[in-house]
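> For the sequence shown, my numbering begins at 329 and goes up steadily by one. Positions of the beta carbon are idealized from the N, C-alpha and C atoms, including for glycine.
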Amino acid sequence: MASHTPVSEWNESTGSLRAALLPTGDGSAVTRLGFRTVAWVSFAPDGRTCAVDVPDLPQQVVPAIPAAQDGQIVGHAWLDSGWLWIPLTDERPVRERRGTADVDLCMTAEGVASLSLRFVAEAEAS
Numbered sequence: 329m330a331s332h333t334p335v336s337e338w339n340e341s342t343g344s345l346r347a348a349l350l351p352t353g354d355g356s357a358v359t360r361l362g363f364r365t366v367a368w369v370s371f372a373p374d375g376r377t378c379a380v381d382v383p384d385l386p387q388q389v390v391p392a393i394p395a396a397q398d399g400q401i402v403g404h405a406w407l408d409s410g411w412l413w414i415p416l417t418d419e420r421p422v423r424e425r426r427g428t429a430d431v432d433l434c435m436t437a438e439g440v441a442s443l444s445l446r447f448v449a450e451a452e453a454s
């Protein structure tokens, strides 16, 4: 996989994250998939998001995500132990935000191009 730097934006006040992993402007087909599930966002010591985990994926997404491997992992979406893992930096996390989230994936032939998620309030999650 090509080396690149992911772009992510966390909004603490809305509990939302946007992460761009792969370019989508090259004319290739894009599939969007939205679902609600448990997720967590991990934060580095400097407050930046360093990883996203989504342990319960819809079955149609699983075959499109490569298995985790050694080597260049930052900025790619991986299937690790059956769930989506996206390392955004090589920093170690010092805190996490976990909860039910609305997740939107943008998929291309290369895999997950982007992810957006928004944590929902407990009353909304029920």
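Which one or two residues does DSSP pair with residue 374 in a beta bridge?
None, per the DSSP bridge assignment.
> If we ignore side chains and look at the alpha-carbon of each, how far apart do residue 393 and residue 447 end up?
Each residue's Cα considered, the two are about 23 Å apart.
> Any idea if residue 395 is buried or exposed, counting beta-carbon neighbours within 10 angstroms, 16 or more meaning buried?
Per the 10 Å Cβ criterion, exposed.
> Classify residue 415 as helix, strand or coil using the three-state DSSP reduction.
Three-state DSSP puts residue 415 in a strand.
> Specify, as a first and last residue, the run of the beta strand (DSSP E) that residue 407 falls within.
Residue 407 -> beta strand (DSSP E) spans 406-408.
> When we look at the beta-carbon of residue 415 and count the other beta-carbons within 10 Å, is it buried (16 or more) or exposed?
Residue 415 should be labelled buried.
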